[in-house]
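Engineer:
Structure follows, in structure tokens:
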């Protein structure tokens, strides 16, 4: 027996499961925003630290062009190892603590979505009823906490591995960029494109591993093995979802840039410009929710492909899932 599905059904199911569990989008968006604010704190604190060291005014430093500001901060910290060590330690504490917090929240998010997708039934098939969406809703505070606690340790180990890959990849990229600097901008552009593509593949593998850990309740090593086999068998389906999600992210990013530019122009209009700040805050919140919804919809879509492929393997180990 062969199980067939279309990318339209897969994406529709992912979007409906994400919509049914909409509170996780709010929680995830809030966690990501807090993480960014945590990272920004020591970065902006470096400006005041340099101002105290060199005796300059923070306002004067902030008025510099960003390249000059970065050069000034770097040169000042490099000649003062104690100050540099304190700043690196502060940044490291924020990175480690913030990352662990993100891993904890991510465990709750993916765990809830995995349970919701498992209980949803054929929600992607018409007619669309409120009862069907209700079956896909698995979110509750107790369920979120249970999933977060159960997956945290494994997600933390996986996240440490991801950061190690980021560090090695970034180091290799900058070394190659420095060695080929004399060969023109074309080589640098190719290296940058290859680096971005590599990071995208790493992020996809990381997300799929998180999904398999939550779906099968297995270890990180077992999940990596299963994801590798899953990608070999379902590369077409996974690649199709990935490209569509990437296109949606690009469209959302373009819309966000246009909205930001429009609000910036409105800011110059007397009196009306006073409304720009709340509008900017609202746009920032909506942008975060939209991007989180797209990301969570992709999780639901990948879950559908993985569960369908796993079910087919159980029913008929020699059969493959056909994607139309």
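In the numbering used here, the protein residues as written are 5 to 328. Don't be surprised by glycine CBs; every beta carbon is placed ideally from N, CA and C. Computed from a predicted model, the values in this text were never measured in an experiment.
Is it true that the CB of residue 155 sits closer than 9 Å to the CB of residue 142?
Structural biologist: Numbered from 1 along the chain shown, position 138 holds the residue referred to as residue 142. Numbered from 1 along the chain shown, position 151 holds the residue referred to as residue 155. Contact: no.
Engineer: Evaluate contact between the segment 127-140 and the segment 161-174, counting only Cβ atoms and requiring at least three cross-stretch pairs below 8 Å.
Structural biologist: No, the segment 127-140 does not touch the segment 161-174.
Engineer: Once you ignore the five residues that flank residue 287 on each side, which residues in its own chain have a CB closer than 8 Å to its CB?
Structural biologist: Indexing the chain shown from 1 puts residue 287 at position 283. The answer, listed in chain order, is 260, 263, 264 and 267.
Engineer: Can you look up residue 124 in the DSSP assignment and give me helix, strand or coil?
Structural biologist: Locating residue 124 in the chain shown gives position 120, where the first residue counts as 1. Residue 124 falls in the coil class under three-state DSSP.
Engineer: By Cβ distance, which residues of its chain are closer than 6 Å to residue 252, with the 5 residues on each side in sequence left out?
Structural biologist: Numbered from 1 along the chain shown, position 248 holds the residue referred to as residue 252. So the qualifying residues of the chain are 298.
Engineer: Roughly how far, in whole angstroms, is the beta-carbon of residue 128 from the beta-carbon of residue 307, given that I think they are within contact range, below 8 Å?
Structural biologist: To locate residue 128, count along the chain shown from 1; it is residue 124. To locate residue 307, count along the chain shown from 1; it is residue 303. About 12 Å separates the two Cβ atoms, so there is no contact after all.
Engineer: Could you tell me the distance, in whole angstroms, from the CA atom of residue 239 to the CA atom of residue 204?
Structural biologist: On the chain shown, position 235 is the one that residue 239 refers to. On the chain shown, position 200 is the one that residue 204 refers to. Residue 239 and residue 204: Cα-Cα distance of roughly 15 Å.
Engineer: Where does residue 285 fall in DSSP's three states?
Structural biologist: Along the chain shown, one-based indexing puts residue 285 at 281. Looking at residue 285 - three-state DSSP - the assignment turns out to be helix.
Engineer: What runs of the alpha helix (DSSP H), each 4 residues or longer, lie entirely inside the segment 139-188?
Structural biologist: Entirely contained in the segment 139-188, the alpha helix (DSSP H) runs reaching 4 residues are, in chain order, 145-183.
Engineer: Just to check my reading of the structure: residue 97 and residue 39 have Cβ atoms closer than 8 Å, yes? What is that Cβ distance to the nearest angstrom?
Structural biologist: Working through the chain shown from its first residue, we reach residue 97 at position 93. Working through the chain shown from its first residue, we reach residue 39 at position 35. Incorrect: roughly 13 Å between the Cβ atoms, too far for contact.
Engineer: Tell me whether the beta-carbon of residue 91 lies closer than 9 Å to the beta-carbon of residue 131.
Structural biologist: As a position in the chain shown, residue 91 is number 87, starting the count at 1. As a position in the chain shown, residue 131 is number 127, starting the count at 1. No, the Cβ-Cβ distance between residue 91 and residue 131 is not below 9 Å.
Engineer: Can you check whether the CB of residue 224 is closer than 9 Å to the CB of residue 217?
Structural biologist: The residue you call residue 217 lines up with position 213 of the chain shown. The residue you call residue 224 lines up with position 220 of the chain shown. Yes, Cβ-Cβ distance for residue 217 and residue 224 is below 9 Å.
Engineer: So for residue 36, helix, strand or coil by DSSP?
Structural biologist: Taking the first residue of the chain shown as position 1, residue 36 is located at position 32. Helix.
Engineer: Enumerated in chain order, which unbroken segments of the alpha helix (DSSP H) with a length of 4 residues or greater are wholly contained in the segment 202-256?
Structural biologist: Qualifying alpha helix (DSSP H) stretches, in chain order: 224-237.
Engineer: If we ignore side chains and look at the alpha-carbon of each, how far apart do residue 314 and residue 115 end up?
Structural biologist: Walking along the chain shown from the start, residue 314 turns up at place 310. Walking along the chain shown from the start, residue 115 turns up at place 111. Whole-angstrom Cα-Cα distance: 18 Å.
Engineer: Cα separation between residue 302 and residue 194?
Structural biologist: Stepping through the chain shown from its first residue, residue 302 is reached at position 298. Stepping through the chain shown from its first residue, residue 194 is reached at position 190. Roughly 28 Å between the two C-alpha positions.
Engineer: Using three-state DSSP, classify residue 130 as helix, strand or coil.
Structural biologist: Position 126 of the chain shown, counted from the start, is the residue given in the question as residue 130. Residue 130: coil per DSSP, three-state reduction.
Engineer: Which same chain residues end up closer than 7 Å to residue 180 when comparing Cβ atoms and leaving out the 5 residues on each side of it in sequence?
Structural biologist: Your numbering for residue 180 matches position 176 in the chain shown. Same-chain partners within the cutoff: 195.
Engineer: With distances taken Cα to Cα, identify the nearest neighbour of residue 162 among 206, 174, 17 and 125.
Structural biologist: Here the question's residue 162 lines up with position 158 in the chain shown. Among 206, 174, 17 and 125, the Cα nearest to that of residue 162 belongs to 206.
Engineer: Could you say which of 34, 103 and 79 lies nearest to residue 289 if we only look at CA atoms?
Structural biologist: On the chain shown, residue 289 is found 285 positions in, with the first residue counted as 1. Nearest option by C-alpha distance: 34.
Engineer: Checking contacts by CB at 9 Å: is residue 295 closer than that to chain D?
Structural biologist: Within the model displayed, chain D is absent; a lone protein chain is all it includes.
Engineer: Pop quiz: residue 49 and residue 94 are said to be a contact at Cβ under 8 Å. What is the actual Cβ separation, rounded to whole angstroms?
Structural biologist: Position 45 of the chain shown, counted from the first residue, corresponds to residue 49. Position 90 of the chain shown, counted from the first residue, corresponds to residue 94. Contact holds; Cβ gap of about 7 Å.
Engineer: Alpha carbon to alpha carbon, how far is residue 101 from residue 199?
Structural biologist: On the chain shown, position 97 is the one that residue 101 refers to. On the chain shown, position 195 is the one that residue 199 refers to. Between residue 101 and residue 199, the C-alpha separation is close to 27 Å.
Engineer: Under a Cβ-count criterion, where at least 16 other Cβ atoms within 10 Å of its own Cβ denotes burial, should residue 226 be classed as buried or exposed?
Structural biologist: Against the chain shown, residue 226 aligns to sequence position 222. The residue in question, residue 226, is exposed, as its Cβ has fewer than 16 Cβ neighbours within 10 Å.
Engineer: So, with DSSP's three-state summary, where would you put residue 264?
Structural biologist: Residue numbering aside, residue 264 sits at position 260 when the chain shown is read from its first letter. The answer is helix: DSSP assigns residue 264 an H, G or I state.
Engineer: Exposed or buried, residue 158, counting other C-beta atoms within 10 Å across all chains shown (16 or more means buried)?
Structural biologist: Walking along the chain shown from the start, residue 158 turns up at place 154. The residue in question, residue 158, is buried, as its Cβ has 16 or more Cβ neighbours within 10 Å.
Engineer: Where do the ends of the alpha helix (DSSP H) carrying residue 83 lie?
Structural biologist: Position 79 of the chain shown, counted from the start, is the residue given in the question as residue 83. Run containing residue 83: none; DSSP gives neither H nor E here.
Engineer: In angstroms with no decimal places, state the Cα-to-Cα distance between residue 21 and residue 119.
Structural biologist: By 1-based counting over the chain shown, the position of residue 21 is 17. By 1-based counting over the chain shown, the position of residue 119 is 115. Those two C-alpha atoms are separated by around 10 Å.
Engineer: Measuring alpha carbon to alpha carbon, tell me which residue in 44, 310 and 304 is nearest residue 117.
Structural biologist: Locating residue 117 in the chain shown gives position 113, where the first residue counts as 1. When each option's Cα is compared against that of residue 117, the closest is 304.
Engineer: Measuring alpha carbon to alpha carbon, tell me which of 300, 309 and 213 ends up nearest residue 24.
Structural biologist: Within the chain shown, the letter at position 20 stands for residue 24. Taking only the C-alpha atoms, the option nearest residue 24 is 300.
Engineer: Helix or strand or just coil, what does DSSP make of residue 312?
Structural biologist: Here residue 312 refers to the residue found at position 308 of the chain shown. In the structure shown, residue 312 sits in a helix (DSSP, three-state: H, G or I).
Engineer: Is residue 113 helix, strand or coil by DSSP?
Structural biologist: Counted from its first residue, the chain shown places residue 113 at position 109. In this structure, residue 113 counts as helix in the three-state DSSP scheme.
Engineer: Here's a check: name, in chain order, each residue in its chain whose Cβ is nearer than 6 Å to the Cβ of residue 32, leaving out the five neighbours to either side.
Structural biologist: On the chain shown, position 28 is the one that residue 32 refers to. Taken in chain order, the residues that qualify are 113 and 296.
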